[in-house]
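**Q** Have a look at this one.
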Amino acid sequence: MAELKHHDEPTHHEHHIVSPGVYLAICATLLVLTATTTAVSYVDLGEYNTVVALAIACTKMTLVVLFFMHIKYSSKLTKLTVAAGFFTFIVLIMMTMTDYISRAWGRW
Amino acid sequence: MSTILSLPDQSTASLPKVSYLNKEYGLKSWLLTQDHKRIAILYLIAITFFFFVGGAMAALIRLELLTPQTDLLAADTYNKVFSAHGIIMVFFFLVPVAPAVLGNFLIPLMIGARDVAFPKINLLSWYLFVSGGCIELTMMVFGGVDTGWTFTTPLSTHYLNTNVVAAAMGIFVAGFSSILTGLNFLVTIHRMRAPGMTWFRLPLFIWSYYATSFIFVLATPVIAIALVLVVLERIIGIGVFDPAKGGDPLLFQHLFWFYSHPAVYVMILPGMGVISEVVACFCRKRVFGYTAVAFSSVAIGVFSFFVWAHHMFIMGISSYSALVFSLMTMLVAVPSAIKIFNWSATMYKGSITFDTPMLYTLGFIGLFTIGGLTGVFLASMGMDIHLTETYFVVAHFHFVMVGGMVTAFMAGLHFWWPKITGRMYPESMGRIAAVILFTGFNLTFFPQFILGYLGMPRRYAAYPPEFQVLNVFSSAGATVLAVGYLLPLLYLTWSLKYGKIAGANPWQAAGLEWEIQSPPLTENFPVTPIVTHEAYDYEWLASKKGSEVPTVG
Amino acid sequence: MHSISPVLWQFLIKWLTNFAIFPPEASTIAPYADALYFFLILISLVGLIAVVAMVVTFAIRYRQEKNPVPTPIEGSTLLEATWTIIPLILFMVCFVWGALLYFRIYSPPPNAMNIYVVGKQWMWKAEHPGGQHEINALHIPVGRPIQLTLISQDVFHSFSVPAFRVKREVIPGRYTTVWFEATTPGVYHLFCTQYCGTLHSDMIGWIYAMSPQDYQAWEAGSTSGNSLAQSGERLFAALGCNSCHNSGPNAHGPNLANVFGSHLQLKNGQFVTVDDAFLRDTILNPTLHEVAGYAPIMPTYQGQVSEEGLIDLVEYIKRLDSQYRIEQTIENSAAQPVQTGTAPAETSAPALAPGTVKQ
Amino acid sequence: MDSHTLAAQTADTGHVEDEHAPFLRHHFESVPQQREAATFGMWLFLTTEIMFFGGLFCSYLIFRNWYYPAFVAGSHTLHIWAGTLNTTVLIVSSFTMAMAVHAAETRVRRALMGWMIATLILGCGFLCVKAYEWHDEWVDHHVPGLNFGPESFLHGTKAYPDDKLPLDVAEKTQLYFSLYFLMTGMHALHMIIGVSLLTILLIQVRGGKYVNGHVAPIENFGLYWHFVDIVWIFLFPLLYLISRHQ
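Below is the structure:
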């Protein structure tokens, strides 16, 4: 049995059941945010329109991921997987953009 | 006291009565199997077939290039042949070969699991692979495609009238096979390890397959969407890659290489895993600097996502971004260098034998060093201007892919052949084949470095006559290389029936897969193993008495 | 001697006469490229020899017959750090050196002579400012920096001259530039190195590097009459460009005299330097680059002017150095109606112009 | 020592009564291990989906920067009410799906069925609204490659009279619509797959499955459904809400 202690990663992660109240609150928040983002798009904020729209979208995504998708209560491994997915997504966008943005800088 | 003496004599071993090979009979039991070992065999058969189809295309290419004129093949046929060679070899041989064959067979055995996490998905991915391959072969029968394996837009979308759509769809389907394989391996490695099998007790093979699987899962979807865009551009003209409609043809190359550069590491990382196992076993030592080798696999996997635009230095990307990508490419070369030095250092104070897998491994170390260092030539931006799109590039990636990956795969295939089939291959034939392969390979591809610096462009059906001499050398070498590949096909097939019985552990190697009978039972481990020692613990193995080491009498 | 078969004999002759490991060094850049190449070969050899020496020595010294009992070694942080840091430093040197060479190859000197090259399936068309047109050939003087402005009419091509160690992708819809200065008169290969379709391997030509005297003689002997700027002037008139770009007090379009090389402010507040690429882009996508102070009324000429025509226009606008030249163009176009082929376009309604105006 | 006792030792936190659960597949040691594996596999699959849409988002970003006015005008032709409605529908469907997972976890079959049916209806509703929008775009000749014509952008619209584009910019709206159809099309494809899977699961639930503690399939389908919702959460502002104030 002593050897089993070396098994660093527990094969089982305590499963957490989220209460319906939390779901309802999140759903309501998401709907409010949807209304907000639609409304804000009619206000002229210049460059910030895009920023605000994306910020709201990211907030909504975070809420869905954390609560509807239970990431808040998940194992570190699952959290890392999600992080890895977004990280690679960012790499794709950012590294491609290094080309497209800097094309305007020089003569090439 | 020698290591060898304390182990039971394997020569008296006989084949086990029940194994995964003879548990069930009939074609149906194979085609509907969910056993990872049988699926590995299915992959081996399909992939060997594709390898020899691709090899036949390579033979045609080398024959055509014997003379400067287009005499054997017309230019359009030549283009179709090299495209077929590229598509088959990259997407239907190099990418799946090591993960799907060796990975499927060995990952559960090495970590002490009964199967991969999702056996049905595993079978599904074989069917996807075969369907993708069938689409490609059908496409080739009905006229082929002449885009090259890179599908460069706008050539592929607007200027060719060959079967681009079918070719792209075949790769799309096969891509899902890769994704599912990678997903399966990741879950297996994370969730199915035997008790006591901690991360730092894993064989280095598993570490490199782990990195490979991550690339599969995260990079493959991008080429899938890129190919979908090509198909839509071709069929209905959506304009994303069409400069006339305001699109950017270079965007395709970004998306394509975002997958296809990491895919190169998908091809080489499993090879590196094999080399680690073989070096340790035939030096009878733990791999020098286990942690460094393990983390360099992961580092290669991570860095591989940051380097793709080095294929595009002269293609019109901004020079500032070329700088970034060149720098990252130099960084990714470092972990590879670390591995090469660590393997070499493993031999220090070892007790080395030179069986076939070890010969292939030594060949790998030499060829991969050349392949890797010539990669630095291409990563160096100013040098890349002269060398890119020439035979230098062709030589470089064949050194890495064929000299590296295929040699490593041959090492692995010979090393685990007794575990897979229960029988030994003929050792002397194996050694001869390894030497022929090494010689033939260098003869074929070394002249191409010189051709490249002389400026001979790739994908030329006809070339100026001053390049003929080196091309003749190259083609001559290719015949030797062909013998080097046909020979193993023959003697390995022969050994299925006539090979010596191997016994559970013919190499006296450490590792869970060698503690069970060969060929293994369908459920792999009758009793779930409990791991109490580090990987490659040859001292531990040597201290065991003969009766304590499991074998099959 | 007689016993050797004629085929083999031929082959030997070829081998002896043609064997080369390096292409000729025929440009000012070639020695720089070769220097880096030799450096890279050197570090590769050192690396390879180090690895092979290690492997061979260990293989001999520690083979089983000689060393039956292995000595377990975990690793050595110091050693591993050494062979991490030394390659890292060497690779960084390669990076910096390579980057410097890259910028040297792709930064043309300001006094370079400009030649336009259009790539199409499957030929190279060179257009000299003096109006000389060449196909699959390029005549250049030695000892003078030559800048090529490259564009493709269809797919990606790649303009490669191994003897000069330069290469540049020729992109559809975008100008790219490359420059070189030939040092030795001679005839050198010009390859298309980017796979471009069926006859990719036929898209090769020759670079004729000539002494300045020979070049002048060639230039004088092969001109077709109109310089690029002159052709551009006609096209400018034929497309009705001067109805807006006439530099008059009530002109609808910006004054084009001396516009090349100037800094313009766009409507979105950004500044751009007017270069070949900007001129070409504004002809095709005028409203994407709205210049401050002008209404976006210019129509697009996408699909109506061939790449050669665009080059003529660009070359014309480049050379518009005074008010006088513009007035001359207007007078010329009024006095002497343009040739028949381009006549319909004169009606200043470009949308009606059938097909390509200039070929 | 047989494998079962060993397995029981390994999964020391596992429920012993689950050891012989009928849905435990032979190669897993315990139910929690199987469930964790399934969840992890699902998440990995979702990361591939992120990258799959990643290529499209990347293309979108590039062309939006290049042809911003065209993207504004293209966006203005979409029905904002439809976009907002569909966002709401998807968010509510995500909520009902989360509730369905909750019902499966608490093993209440009626509730599970109810929430799943609600999700199914909302999903179909989403697709109907989307189909209506696509039909409108077809009528307006805004479908690239099939019936695209930039004419409608040359004059401006009632709501946005400023959207009077010169021809060269108007032609670039084709890229906007290409990406619009690609992104919403891919999203709708995922919705259709989701609705089909949901129907299959619903039939299985009716047959009594997934309320005996075997919640992994429902849970993983939930993850998929929420993912599709997240994609839409980004598509909505990116496609519908570009400079609505102009």
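So the sequence lines, in the order shown, correspond to chains A, B, C and D.
Here my numbering is used: the first residue of the first sequence is -12, the next is one more, and so on.
Here my numbering is used: the first residue of the second sequence is 82, the next is one more, and so on.
Here my numbering is used: the first residue of the third sequence is 287, the next is one more, and so on.
Here my numbering is used: the first residue of the fourth sequence is 76, the next is one more, and so on.
Don't be surprised by glycine CBs; every beta carbon is placed ideally from N, CA and C.
Model, not experiment: these values are computed from the prediction.
#1: At a CB-CB cut-off below 9 Å, which residues of chain D make contact with Pro572 (chain C)?
#2: On the CB-based measure, 16 or more other CB atoms within 10 Å of its CB, does Cys133 (chain D) come out buried or exposed?
#3: Please report the straight-line C-alpha distance between Ser110 (chain B) and Leu99 (chain D), rounded to a whole angstrom.
#4: Identify every residue that forms a DSSP beta bridge with Ala468 (chain C).
#5: Spatial neighbours of Leu314 (chain D) within its chain, please: C-beta separation below 6 Å, excluding the five flanking residues on both sides.
#6: Taking CB distances under 8 Å as the criterion, tell me whether Asn518 (chain C) reaches chain B.
#7: Could I get the ranges of all uninterrupted alpha helix (DSSP H) runs contained in the stretch 217 to 295 of chain D, with 4 residues as the minimum, in chain order?
#8: Verify whether the separation of the beta carbon atoms of Thr234 (chain B) and Phe322 (chain B) is less than 8 Å.
#9: Using beta carbons (cut-off 8 Å, strictly below), is Thr586 (chain C) in contact with chain D?
#10: Which first and last residues belong to the beta strand (DSSP E) in which Thr435 (chain C) is found?
#11: Along chain D, which residues have their Cβ under 7 Å away from the Cβ of Pro356 (chain C)?
#12: Is any beta-carbon of chain D found at less than 8 Å from that of Met38 (chain A)?
#13: Which residues does DSSP pair with Gln551 (chain C) in a beta bridge?
#14: Looking at the strands, I want to know which residues DSSP matches up with Gly405 (chain C).
#15: Per DSSP, what are the beta-bridge partners of Cys133 (chain D) in this structure?
#16: Could you give the distance in angstroms between the alpha-carbon of Val624 (chain C) and the alpha-carbon of Val600 (chain C)?
#17: Residues of chain B with CB closer than 7 Å to the CB of Leu79 (chain A), please, in chain order.
#18: What are the start and end residues of the alpha helix (DSSP H) that includes Ala91 (chain A)?
#19: Could you name the residues of the stretch 452 to 485 of chain B whose beta carbon sits closer than 8 Å to any beta carbon of chain C, in the order they occur along the chain?
#20: Would you report the Cα separation of Gln108 (chain D) and Phe127 (chain D), rounded to the nearest angstrom?
#21: Taking one C-beta from the stretch 531 to 547 of chain C and one from the stretch 214 to 222 of chain D each time, how about it: are there three or more such pairs within less than 8 Å?
#22: Would you identify the three-state DSSP class for Leu440 (chain B), choosing helix, strand or coil?
#23: Measure from the alpha carbon of Asn422 (chain C) to the alpha carbon of each residue in C:Ser513, C:Ser487, C:Glu360, then state which is nearest.
#24: Quick one: is Pro219 (chain D) near chain B, going by C-beta distance under 8 Å?
#25: Would you call the stretch 278 to 289 of chain B in contact with the stretch 231 to 246 of chain B, where contact means no fewer than 3 C-beta pairs closer than 8 Å?
#26: Against chain A, with Cβ distances strictly below 8 Å, would Phe376 (chain B) count as a contact?
#27: What is the DSSP secondary structure of Tyr587 (chain C), reduced to helix, strand or coil?
#28: Quick check on Leu593 (chain B) - is its C-beta less than 8 Å from some C-beta in chain A?
#29: Sort out for me which residues DSSP pairs Leu476 (chain C) with in a bridge.
#30: With distances taken Cα to Cα, identify the nearest neighbour of Ile88 (chain A) among B:Tyr572, B:Gly456, B:Ile398, B:Glu217.
#31: Residues of chain D with CB under 7 Å from Ala582 (chain C), in chain order?
#32: Can you round the beta-carbon distance between Arg365 (chain B) and Gly277 (chain B) to whole angstroms, since I take them to be within the 8 Å contact cut?
#33: Would you kindly work out how many angstroms separate the C-alpha atoms of Pro610 (chain B) and Ala590 (chain B), rounded to a whole number?
#34: Give me the subset of the stretch 196 to 218 of chain B whose CB atoms are less than 9 Å from a CB atom of chain D, sorted by chain position.
#35: Among the residues of its own chain, which have a CB less than 7 Å from the CB of Glu470 (chain B), if the five just before and after it don't count?
#36: Which same chain residues end up closer than 6 Å to Ser510 (chain C) when comparing Cβ atoms and leaving out the 5 residues on each side of it in sequence?
**A** The relevant details are as follows:
#1: Pro241, Asp243
#2: buried
#3: 22 Å
#4: C:Ser313
#5: Tyr255
#6: Here the sequence assigns Gly to residue 518 (chain C), which means Asn is not the residue at that position. Taking Cβ atoms only, chain B never reaches closer than 8 Å to Gly518 (chain C), which makes this a no.
#7: 242 to 281
#8: yes
#9: yes
#10: 432 to 438
#11: Those within 7 Å of Pro356 (chain C) in chain D number zero; the least Cβ separation is about 33 Å.
#12: Met is not the amino acid found at residue 38 (chain A); the sequence shown has Val there. No - not a single Cβ of chain D is within 8 Å of the one on Val38 (chain A).
#13: C:Phe557
#14: C:Trp410, C:Ser438
#15: The partner list for Cys133 (chain D) (beta bridge, DSSP) is empty, contrary to what the question assumes.
#16: Here the model assigns Val624 (chain C) a pLDDT of 44, short of 50, so the residue's position is not dependable, and the following value carries that caveat. Whole-angstrom Cα-Cα distance: 19 Å.
#17: Val303, Phe339
#18: Neither: Ala91 (chain A) is in no alpha helix (DSSP H) and is coded neither H nor E.
#19: Leu454, Thr455, Val457, Phe458, Ala460, Ser461, Met462, Gly463, Met464, Asp465, Ile466, His467, Thr469, Glu470, Thr471
#20: 29 Å
#21: no
#22: helix
#23: C:Ser487
#24: yes
#25: no
#26: no
#27: coil
#28: no
#29: C:Gly491
#30: B:Ile398
#31: Sequence inspection shows Pro at residue 582 (chain C); the Ala mentioned does not correspond to that position. Residues of chain D passing the Cβ test: Pro241.
#32: That belief does not hold up - the Cβ atoms of Arg365 (chain B) and Gly277 (chain B) are roughly 23 Å apart, past 8 Å.
#33: 17 Å
#34: Asp196, Val197, Ala198, Phe199, Pro200, Ile202
#35: Pro538, Arg539
#36: Gly417
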